[in-house]
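Mind the numbering: the sequence shown is residues 1 to 275 in UniProt numbering, read in order.
Beta carbons: idealized from backbone N, C-alpha and C, even for Gly.
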Amino acid sequence: MWDKPALLNWIANLLYAISMVVMLYAAVYVVVHLPIFPLREVKVDGELHHVSREQVKLIVAKHLKGNFFTLDLINARDAFEKLPWARSVSVRRRWPDKLEVVIEEHEALARWGSTALVNKQGELFHAASGSDLPVFYGPDNGVIEVASQYDSLNKVLQSANLEVATLALTPRRAWQVTTTNGIVLELGRVEMQPRLEKFANIYSSTLVGLNKKITYVDLRYPSGFAVRRPTAVVNTGKVASADGSQKAVEAVKPSASDSKAMKSDTVKKRTGTVT
(Lines of atoms letter the chains of each structure in order from A and count residues from 1; the text may use other names and numbers.)
(Lines give C-alpha, C1' and ligand atoms only; values in the text may rest on other atoms or scores of the structure.)
Protein backbone atom coordinates (compact mmCIF):
# COMPACT_ATOMS: atom_id res chain seq x y z
CA MET A 1 0.00 0.00 0.00
CA TRP A 2 2.77 2.44 0.96
CA ASP A 3 4.39 1.97 -2.38
CA LYS A 4 1.25 3.21 -4.18
CA PRO A 5 1.42 7.01 -4.13
CA ALA A 6 -1.75 7.43 -6.17
CA LEU A 7 -3.81 5.54 -3.61
CA LEU A 8 -2.21 7.42 -0.74
CA ASN A 9 -3.02 10.75 -2.40
CA TRP A 10 -6.64 9.68 -2.89
CA ILE A 11 -6.98 8.71 0.80
CA ALA A 12 -5.39 11.97 1.91
CA ASN A 13 -7.74 14.02 -0.26
CA LEU A 14 -10.74 12.10 1.12
CA LEU A 15 -9.69 12.72 4.73
CA TYR A 16 -9.09 16.37 3.92
CA ALA A 17 -12.57 16.71 2.39
CA ILE A 18 -14.21 15.01 5.38
CA SER A 19 -12.41 17.28 7.81
CA MET A 20 -13.50 20.35 5.85
CA VAL A 21 -17.15 19.21 5.90
CA VAL A 22 -16.99 18.58 9.64
CA MET A 23 -15.41 21.97 10.28
CA LEU A 24 -17.97 23.71 8.09
CA TYR A 25 -20.84 21.94 9.85
CA ALA A 26 -19.42 22.90 13.24
CA ALA A 27 -19.06 26.50 12.17
CA VAL A 28 -22.61 26.68 10.85
CA TYR A 29 -23.94 25.01 14.00
CA VAL A 30 -22.20 27.54 16.20
CA VAL A 31 -23.36 30.49 14.11
CA VAL A 32 -27.04 29.53 13.95
CA HIS A 33 -27.10 28.97 17.71
CA LEU A 34 -25.68 32.36 18.49
CA PRO A 35 -28.15 34.92 19.85
CA ILE A 36 -27.73 37.04 16.72
CA PHE A 37 -30.80 35.51 14.96
CA PRO A 38 -33.57 35.99 17.52
CA LEU A 39 -37.20 35.42 16.61
CA ARG A 40 -38.62 38.90 17.11
CA GLU A 41 -42.18 38.60 15.76
CA VAL A 42 -44.92 35.99 15.61
CA LYS A 43 -47.67 36.99 13.18
CA VAL A 44 -50.98 35.12 13.47
CA ASP A 45 -53.41 35.32 10.53
CA GLY A 46 -56.88 33.89 9.89
CA GLU A 47 -60.49 34.76 10.60
CA LEU A 48 -60.23 34.38 14.34
CA HIS A 49 -63.33 34.71 16.49
CA HIS A 50 -62.47 32.34 19.34
CA VAL A 51 -58.64 32.17 19.50
CA SER A 52 -57.59 35.00 21.79
CA ARG A 53 -54.42 37.08 22.00
CA GLU A 54 -53.80 35.69 25.49
CA GLN A 55 -53.84 32.12 24.17
CA VAL A 56 -51.34 33.01 21.45
CA LYS A 57 -49.03 34.74 23.95
CA LEU A 58 -49.11 31.68 26.20
CA ILE A 59 -48.11 29.37 23.35
CA VAL A 60 -45.31 31.69 22.24
CA ALA A 61 -43.89 31.89 25.76
CA LYS A 62 -44.22 28.19 26.53
CA HIS A 63 -43.55 26.37 23.27
CA LEU A 64 -41.59 28.56 20.83
CA LYS A 65 -38.00 27.89 21.88
CA GLY A 66 -34.90 28.75 19.87
CA ASN A 67 -33.95 31.37 17.33
CA PHE A 68 -34.97 31.87 13.71
CA PHE A 69 -33.03 28.79 12.56
CA THR A 70 -33.38 26.41 15.49
CA LEU A 71 -37.12 26.77 16.15
CA ASP A 72 -38.88 23.42 15.65
CA LEU A 73 -41.74 24.20 13.22
CA ILE A 74 -43.47 20.87 13.81
CA ASN A 75 -43.63 21.40 17.57
CA ALA A 76 -44.79 24.96 17.01
CA ARG A 77 -47.62 23.80 14.74
CA ASP A 78 -48.65 21.07 17.17
CA ALA A 79 -48.80 23.61 20.01
CA PHE A 80 -51.20 25.87 18.08
CA GLU A 81 -53.32 22.91 16.95
CA LYS A 82 -54.04 22.10 20.60
CA LEU A 83 -56.19 25.23 20.83
CA PRO A 84 -59.81 24.05 21.16
CA TRP A 85 -61.08 26.12 18.23
CA ALA A 86 -58.13 25.49 15.89
CA ARG A 87 -59.06 23.17 13.01
CA SER A 88 -55.82 23.42 11.06
CA VAL A 89 -52.56 25.37 11.47
CA SER A 90 -49.66 26.18 9.16
CA VAL A 91 -46.38 27.81 10.25
CA ARG A 92 -43.46 29.17 8.24
CA ARG A 93 -40.33 31.25 8.78
CA ARG A 94 -40.11 34.68 7.18
CA TRP A 95 -36.62 36.13 6.93
CA PRO A 96 -35.04 37.64 8.90
CA ASP A 97 -36.83 37.35 12.24
CA LYS A 98 -40.52 36.50 11.79
CA LEU A 99 -42.70 33.43 12.26
CA GLU A 100 -46.00 33.41 10.34
CA VAL A 101 -48.87 31.32 11.73
CA VAL A 102 -52.14 30.81 9.84
CA ILE A 103 -55.01 29.34 11.88
CA GLU A 104 -58.25 28.01 10.44
CA GLU A 105 -60.92 27.94 13.13
CA HIS A 106 -63.76 25.47 13.45
CA GLU A 107 -67.14 26.86 12.39
CA ALA A 108 -69.66 25.40 14.81
CA LEU A 109 -72.73 23.94 13.11
CA ALA A 110 -74.38 22.14 16.01
CA ARG A 111 -73.86 20.30 19.28
CA TRP A 112 -73.34 16.54 19.32
CA GLY A 113 -75.52 15.58 22.25
CA SER A 114 -73.93 17.04 25.36
CA THR A 115 -70.40 15.85 24.63
CA ALA A 116 -68.97 17.86 21.72
CA LEU A 117 -69.55 20.34 18.92
CA VAL A 118 -69.90 19.61 15.20
CA ASN A 119 -68.25 21.84 12.61
CA LYS A 120 -69.49 22.50 9.08
CA GLN A 121 -67.30 19.71 7.72
CA GLY A 122 -69.06 17.17 9.93
CA GLU A 123 -66.12 16.83 12.32
CA LEU A 124 -66.37 16.64 16.09
CA PHE A 125 -64.35 18.97 18.28
CA HIS A 126 -64.35 19.83 21.97
CA ALA A 127 -64.72 23.49 22.84
CA ALA A 128 -66.99 25.76 24.86
CA SER A 129 -69.70 27.73 23.05
CA GLY A 130 -72.49 29.94 24.32
CA SER A 131 -74.24 30.11 20.94
CA ASP A 132 -77.78 28.84 20.47
CA LEU A 133 -77.02 25.82 18.29
CA PRO A 134 -79.17 22.90 17.13
CA VAL A 135 -78.44 19.55 18.72
CA PHE A 136 -77.58 16.41 16.74
CA TYR A 137 -77.99 12.86 17.97
CA GLY A 138 -76.88 9.65 16.34
CA PRO A 139 -74.46 6.71 16.36
CA ASP A 140 -70.75 7.45 16.65
CA ASN A 141 -70.20 6.82 12.93
CA GLY A 142 -73.13 9.02 11.89
CA VAL A 143 -71.75 12.52 12.50
CA ILE A 144 -71.03 13.35 8.85
CA GLU A 145 -74.34 11.83 7.76
CA VAL A 146 -76.35 13.93 10.20
CA ALA A 147 -74.43 17.12 9.40
CA SER A 148 -74.92 16.62 5.66
CA GLN A 149 -78.70 16.30 6.07
CA TYR A 150 -79.11 19.30 8.35
CA ASP A 151 -78.87 22.13 5.81
CA SER A 152 -81.35 20.65 3.32
CA LEU A 153 -83.93 19.74 5.98
CA ASN A 154 -83.60 23.07 7.76
CA LYS A 155 -84.09 25.00 4.50
CA VAL A 156 -87.36 23.15 3.91
CA LEU A 157 -88.59 24.03 7.39
CA GLN A 158 -87.52 27.66 7.03
CA SER A 159 -89.92 27.96 4.09
CA ALA A 160 -92.67 27.39 6.68
CA ASN A 161 -91.06 29.74 9.26
CA LEU A 162 -89.82 26.76 11.28
CA GLU A 163 -86.29 25.72 12.24
CA VAL A 164 -84.55 22.55 13.39
CA ALA A 165 -83.92 22.41 17.12
CA THR A 166 -82.77 18.77 17.21
CA LEU A 167 -81.97 16.29 14.45
CA ALA A 168 -81.67 12.63 15.38
CA LEU A 169 -80.55 9.54 13.45
CA THR A 170 -81.47 6.25 15.09
CA PRO A 171 -79.31 3.10 14.88
CA ARG A 172 -81.86 1.84 12.30
CA ARG A 173 -81.11 4.96 10.19
CA ALA A 174 -84.52 6.52 10.77
CA TRP A 175 -84.72 10.32 11.07
CA GLN A 176 -86.52 12.51 13.58
CA VAL A 177 -86.66 16.31 13.70
CA THR A 178 -87.82 18.52 16.55
CA THR A 179 -88.54 22.13 15.61
CA THR A 180 -87.82 25.18 17.75
CA ASN A 181 -91.54 25.48 18.57
CA GLY A 182 -91.69 21.90 19.88
CA ILE A 183 -93.10 19.87 16.97
CA VAL A 184 -91.67 16.36 16.68
CA LEU A 185 -91.51 15.17 13.06
CA GLU A 186 -91.00 11.49 12.25
CA LEU A 187 -89.41 11.23 8.79
CA GLY A 188 -88.57 7.54 8.57
CA ARG A 189 -85.64 6.14 6.59
CA VAL A 190 -86.38 7.10 2.98
CA GLU A 191 -87.58 10.17 1.06
CA MET A 192 -87.06 12.43 4.06
CA GLN A 193 -86.94 15.68 2.12
CA PRO A 194 -90.08 15.09 -0.03
CA ARG A 195 -92.00 14.13 3.08
CA LEU A 196 -90.83 17.23 4.90
CA GLU A 197 -91.65 19.43 1.90
CA LYS A 198 -95.19 18.05 1.91
CA PHE A 199 -95.58 18.90 5.59
CA ALA A 200 -94.07 22.40 5.16
CA ASN A 201 -96.51 23.23 2.36
CA ILE A 202 -99.55 22.06 4.33
CA TYR A 203 -98.30 23.71 7.51
CA SER A 204 -97.95 27.08 5.80
CA SER A 205 -101.22 26.93 3.91
CA THR A 206 -103.50 25.21 6.42
CA LEU A 207 -102.17 24.25 9.83
CA VAL A 208 -100.97 27.73 10.80
CA GLY A 209 -104.38 29.15 10.01
CA LEU A 210 -106.09 26.73 12.40
CA ASN A 211 -104.21 28.36 15.30
CA LYS A 212 -103.97 24.98 17.06
CA LYS A 213 -100.82 23.71 18.77
CA ILE A 214 -99.28 20.58 17.26
CA THR A 215 -96.88 18.35 19.16
CA TYR A 216 -96.22 15.38 16.87
CA VAL A 217 -96.42 14.63 13.16
CA ASP A 218 -95.84 11.20 11.60
CA LEU A 219 -94.72 11.67 8.00
CA ARG A 220 -93.99 8.02 7.26
CA TYR A 221 -97.26 7.38 5.39
CA PRO A 222 -96.98 7.10 1.60
CA SER A 223 -99.70 9.64 0.78
CA GLY A 224 -100.20 11.80 3.85
CA PHE A 225 -99.32 12.26 7.51
CA ALA A 226 -100.84 11.94 10.96
CA VAL A 227 -100.98 14.80 13.46
CA ARG A 228 -101.21 14.79 17.24
CA ARG A 229 -102.33 17.71 19.36
CA PRO A 230 -101.92 18.08 23.15
CA THR A 231 -104.90 17.22 25.36
CA ALA A 232 -106.30 20.26 27.21
CA VAL A 233 -107.26 20.33 30.92
CA VAL A 234 -110.68 21.94 31.28
CA ASN A 235 -111.58 21.67 34.98
CA THR A 236 -110.53 20.33 38.35
CA GLY A 237 -112.53 18.75 41.15
CA LYS A 238 -112.31 16.62 44.27
CA VAL A 239 -113.20 12.98 44.82
CA ALA A 240 -113.58 11.08 48.07
CA SER A 241 -111.10 8.30 48.74
CA ALA A 242 -111.78 5.14 50.68
CA ASP A 243 -110.60 6.68 53.98
CA GLY A 244 -113.03 9.57 53.65
CA SER A 245 -110.41 12.19 52.65
CA GLN A 246 -110.73 14.25 49.52
CA LYS A 247 -108.20 14.45 46.70
CA ALA A 248 -107.98 16.99 43.90
CA VAL A 249 -108.14 15.60 40.39
CA GLU A 250 -108.01 17.10 36.91
CA ALA A 251 -110.79 16.24 34.54
CA VAL A 252 -109.95 16.18 30.84
CA LYS A 253 -112.73 16.68 28.36
CA PRO A 254 -111.65 17.35 24.82
CA SER A 255 -113.91 19.34 22.59
CA ALA A 256 -115.42 17.93 19.45
CA SER A 257 -112.66 19.47 17.37
CA ASP A 258 -110.01 18.13 19.82
CA SER A 259 -111.45 14.63 19.61
CA LYS A 260 -111.34 14.79 15.87
CA ALA A 261 -107.72 15.97 15.95
CA MET A 262 -106.67 13.19 18.35
CA LYS A 263 -108.10 10.58 16.02
CA SER A 264 -105.55 11.72 13.47
CA ASP A 265 -102.91 9.80 15.46
CA THR A 266 -104.23 6.56 14.07
CA VAL A 267 -105.47 7.46 10.61
CA LYS A 268 -103.70 8.69 7.54
CA LYS A 269 -104.46 12.14 6.24
CA ARG A 270 -104.57 11.17 2.60
CA THR A 271 -105.50 14.68 1.55
CA GLY A 272 -102.64 16.16 3.60
CA THR A 273 -104.98 18.44 5.58
CA VAL A 274 -106.31 18.57 9.13
CA THR A 275 -109.94 19.14 9.91
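Asked, Found
"Buried or exposed (CB count within 10 angstroms, at least 16 for buried), A110", "buried"
"Contact under 8 angstroms by Cβ, A86 with G122", "no"
"Cut-off 7 angstroms between Cβ atoms - residues of its own chain near V164, not counting five sequence neighbours on either side", "P134, Y150, L153, N154, L157, V177 and T179"
"Secondary structure, beta strand (DSSP E): runs of 3+ residues fully inside the segment 46-93", "none"
"Exposure of G209, with buried meaning 16 or more beta-carbon neighbours within 10 Å", "exposed"
"Simplified DSSP assignment, three categories, for W112", "strand"
"Alpha helix (DSSP H) segment containing L157, residue limits", "V143 to Q158"
"Check whether L219 and F199 have beta carbons under 8 angstroms apart", "yes"
"Strand pairing of F136, partner residues [DSSP]", "W112 and L167"
"Rounded C-alpha distance that separates W10 from I18", "12 angstroms"
"Backbone secondary structure at L14 - three-state DSSP", "helix"
"Inter-residue spacing [alpha-carbon to alpha-carbon] between Y16 and A6", "15 angstroms"
"Bridge partner(s) assigned by DSSP for Q176", "A168 and E186"
"Which of helix, strand or coil DSSP assigns to F125", "strand"
"Own chain, CB closer than 8 angstroms to P38, minus 5 neighbours either side, in chain order", "N67, F68 and D97"
"Beta-carbon gap between L58 and E105 smaller than 8 angstroms", "no"
"Residue range of the beta strand (DSSP E) that includes L99", "K98 to E105"
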